[in-house]
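K.L.:
Residue numbers (the working numbering): 1 to 315.
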Amino acid sequence: MPPGTALLNDGFKGQALLIVDDSPTVRRGIRIALEPSALFNEYVEAKDGLEALRILNQRPIDVILCDVEMPGLDGFKFLDLMKGTPEYRGIPVILLTGLENVEKKIAGLERGASDYVTKPFDKGELIARVRVQLKLKMLQDQLRIASITDFLTKQFNRRHFMEVLQSEFDRALRYSNPLSFVILDIDHFKKINDSHGHLQGDRVLVDVSALVRSSVRSHDVVARYGGEEFVILLPQIDEAGATAVAEKVRRIVAETAFSGMDGQSVTISLGLVTFPGKDPSGKLTVDALIHSADDALYRAKEGGRNRLEIGKLTL
Ligand SMILES: [Mg+2]
Numbered sequence: 001m002p003p004g005t006a007l008l009n010d011g012f013k014g015q016a017l018l019i020v021d022d023s024p025t026v027r028r029g030i031r032i033a034l035e036p037s038a039l040f041n042e043y044v045e046a047k048d049g050l051e052a053l054r055i056l057n058q059r060p061i062d063v064i065l066c067d068v069e070m071p072g073l074d075g076f077k078f079l080d081l082m083k084g085t086p087e088y089r090g091i092p093v094i095l096l097t098g099l100e101n102v103e104k105k106i107a108g109l110e111r112g113a114s115d116y117v118t119k120p121f122d123k124g125e126l127i128a129r130v131r132v133q134l135k136l137k138m139l140q141d142q143l144r145i146a147s148i149t150d151f152l153t154k155q156f157n158r159r160h161f162m163e164v165l166q167s168e169f170d171r172a173l174r175y176s177n178p179l180s181f182v183i184l185d186i187d188h189f190k191k192i193n194d195s196h197g198h199l200q201g202d203r204v205l206v207d208v209s210a211l212v213r214s215s216v217r218s219h220d221v222v223a224r225y226g227g228e229e230f231v232i233l234l235p236q237i238d239e240a241g242a243t244a245v246a247e248k249v250r251r252i253v254a255e256t257a258f259s260g261m262d263g264q265s266v267t268i269s270l271g272l273v274t275f276p277g278k279d280p281s282g283k284l285t286v287d288a289l290i291h292s293a294d295d296a297l298y299r300a301k302e303g304g305r306n307r308l309e310i311g312k313l314t315l
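(1) If you scan the stretch 40-94 from start to end, which runs of the alpha helix (DSSP H) of 4 or more residues do you find wholly inside it?
(2) Nearest-angstrom Cα distance between lysine 119 and aspartate 170?
(3) Contact check, arginine 59 vs asparagine 157 under 8 Å by CB: the rounded distance?
(4) My output table needs one value for lysine 119: the three-state DSSP class, helix, strand or coil.
(5) Output yes or no for whether 8 Å exceeds the beta carbon distance between glutamate 42 and isoleucine 19.
(6) Does the structure place the stretch 117-135 close enough to the stretch 70-78 that three or more beta carbon pairs sit under 8 Å?
(7) Can you tell me whether arginine 28 is buried or exposed? The criterion is at least 16 other CB atoms within 10 Å of its CB, across all chains shown.
(8) Cβ atoms of serine 215 and valine 266: under 8 Å apart, would you say?
(9) Consult DSSP for glutamine 264 and reduce its assignment to one of helix, strand or coil.
(10) Select from Gly84, Gly98, Leu39 the residue whose C-alpha is nearest the C-alpha of valine 26.
(11) Note down, in chain order, each residue of its chain lying with its Cβ closer than 6 Å to the Cβ of glutamine 166, except the 5 sequence neighbours on either side.
(12) Would the beta-carbon of glutamate 228 be found less than 7 Å away from any heavy atom of ligand 1?
(13) Run the CB neighbour count on glutamate 163, radius 10 Å, all protein chains shown included, and call it buried at 16 or more, exposed below.
(14) Please find out if some non-hydrogen atom of ligand 1 comes closer than 7 Å to the beta-carbon of serine 114.
(15) In angstroms with no decimal places, state the Cα-to-Cα distance between alanine 38 and serine 176.
(16) I'd like to check one pair, leucine 270 with valine 182: are the Cβ atoms closer than 8 Å?
(17) Excluding five sequence neighbours on each side, which residues of the same chain lie with their C-beta closer than 6 Å to the C-beta of valine 273?
(18) In its own chain, which residues sit with a C-beta less than 6 Å from the C-beta of lysine 83, not counting the 5 before and 5 after it?
(19) Could you tell me which of Gln155, Met70, Lys105 sits nearest to arginine 213, measuring between CA atoms?
(20) Using 8 Å as the threshold, is the C-beta distance between aspartate 62 and leucine 96 below it?
(21) How would you label alanine 242, buried or exposed, when you count the other beta carbons within 10 angstroms and need 16 or more for buried?
(22) For the putative contact between proline 178 and glutamine 236, defined by C-beta atoms under 8 Å, what is the C-beta separation to the nearest angstrom?
(23) What's the gap between the Cα of leucine 50 and the Cα of isoleucine 252?
(24) What are the partner residues of proline 235, as DSSP defines its beta bridges?
(25) Who are the Cβ neighbours of asparagine 306 in its own chain at under 8 Å, not counting the five residues just before and after it?
(26) So, under 8 Å CB-CB, glutamate 229 and leucine 205 are touching, yes? Tell me the CB distance rounded to an integer number of Å.
(27) In whole angstroms, give me the CA-to-CA distance for phenylalanine 40 and valine 132.
(28) Alpha carbon to alpha carbon, how far is lysine 190 from aspartate 295?
(29) Check this for me: beta carbons of valine 245 and phenylalanine 161, under 8 Å apart or not?
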């Protein structure tokens with residue numbers, strides 16, 4: 001058993017390690033050294049930086065072991081390219097360098113490498129260094145997920161939603177695509193809390209959010225907006241399409257028998273607004289979208305609840 005192996009497997013395991021080296025012998029040696037550690041489900045190999053970039057584009061990778069000297073796209077050029085790409089920036093890269101090459105080690109670290117291992121490598125050291133980077137990566141991923149997720153419902157939180165709304169709005173403007181936005185609120189939620197208790201209220205929040213999530217497309221964005229308010233962002237859907245979706249969500253909630261409610265139904269009111277893809281005034285903002293949907297929601301409440309109202313934008 002290589003040294004270090006005994007410390008492994010304290011509850012985390014990565015999807016895949018990417019080994020980038022022009023020498024098949026080195027790649028094989030690394031794979032054989034790491035496989036017993038069971039740190040990853042898969043070990044993927046690339047012969048140069050270009051092939052490595054192609055793999056990154058195709059599948060999730062947790063840690064990269066990368067040779068510095070390779071024909072074609074070498075380790076430094078690969079580092080520059082991947083660290084310049086937001087989606088890949090968080091993946092730790094451990095450089096494989098020659099024993100004496102201190103300058104290259106320093107240059108690699110300055111270019112964004114997380115660590116280095118000298119060749120010929122020591123198995124125990126290799127495992128230990130890879131393990132540290134995997135653990136950091138997984139903790140970083142967990143933190144990122146926690147920072148954008150609502151703790152109770154596991155949907156996105158409001159902060160993340162506002163970021164997505166802004167970027168989707170910018171995109172819709174740029175490409176003249178429609179963008180629809182729904183804000184919905186559970187009717188008489190206070191009464192549910194008062195008569196069934198807060199735990200039951202929480203359960204209803206979780207159940208409603210799950211129903212909403214499963215009623216929309218995978219690339220639509222669902223978030224908890226406030227206490228009993230949720231939002232749905234529907235990119236590239238016009239008003240007619242979004243109306244159909246919002247109506248479907250309303251109906252599914254109203255027709256669902258919620259557990260713990262003693263047969264009492266749960267309903268939602270919804271306000272919808274669609275940005276048509278063009279803003280001749282050039283003055284439209286996401287705040288105006290939210291305001292209009294909020295207004296529509298207010299009218300739905302005033303109009304008797306368990307209903308959808310459509311907001312208008314002044315363009
Ligand atoms: Mg090489």
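Even glycine gets a Cβ: it sits at the ideal position worked out from N, Cα and C.
P.N.:
Straight from the coordinates:
(1) As far as the stretch 40-94 is concerned, its whole alpha helix (DSSP H) runs of at least 4 residues are 49-58, 75-83.
(2) Separation of lysine 119 and aspartate 170 (C-alpha to C-alpha, rounded to the nearest whole angstrom) is 48 Å.
(3) Wrong, their Cβ atoms sit about 28 Å apart, outside the cutoff.
(4) Three-state DSSP puts lysine 119 in a strand.
(5) No. Outside cutoff.
(6) Under the Cβ criterion (8 Å, minimum of three pairs), the stretch 70-78 does not count as touching the stretch 117-135.
(7) Answer is exposed; the Cβ neighbour count stays below 16.
(8) Going by C-beta atoms, valine 266 is not nearer than 8 Å to serine 215.
(9) Three-state DSSP puts glutamine 264 in coil, outside helix and strand.
(10) Of Gly84, Gly98, Leu39, the residue nearest in Cα terms is Gly98.
(11) Cβ neighbours of glutamine 166 beyond the five flanking positions: Val286.
(12) No, ligand 1 has no heavy atom inside 7 Å of this Cβ.
(13) Glutamate 163 should be labelled exposed.
(14) Ligand 1 has no heavy atom closer than 7 Å to the beta-carbon of serine 114.
(15) Cα to Cα, alanine 38 sits roughly 49 Å from serine 176.
(16) Yes.
(17) Residues of the same chain with a CB within less than 6 Å of the CB of valine 273, apart from the 5 flanking positions on each side, are Phe181, Leu289, Ser292, Ala293, Gly311 in chain order.
(18) Only Arg89, Gly112 meet the Cβ criterion.
(19) Nearest option by C-alpha distance: Gln155.
(20) The Cβ atoms of aspartate 62 and leucine 96 lie no closer than 8 Å to each other.
(21) Buried is the call here.
(22) At roughly 6 Å, the Cβ-Cβ gap stays under 8 Å, so proline 178 and glutamine 236 are in contact.
(23) Whole-angstrom Cα-Cα distance: 49 Å.
(24) Answer by DSSP bridge pairing, in chain order: Leu179.
(25) Within the same chain, Asp187, Arg250, Ala254, Thr267, Ile268, Ser269 come within 8 Å of asparagine 306 by CB-CB distance, once the 5 residues on both sides are set aside.
(26) Incorrect: roughly 10 Å between the Cβ atoms, too far for contact.
(27) In this structure, the CA atom of phenylalanine 40 is about 13 Å from the CA atom of valine 132.
(28) Each residue's alpha carbon lies about 21 Å from the other.
(29) No, they are not a contact pair.
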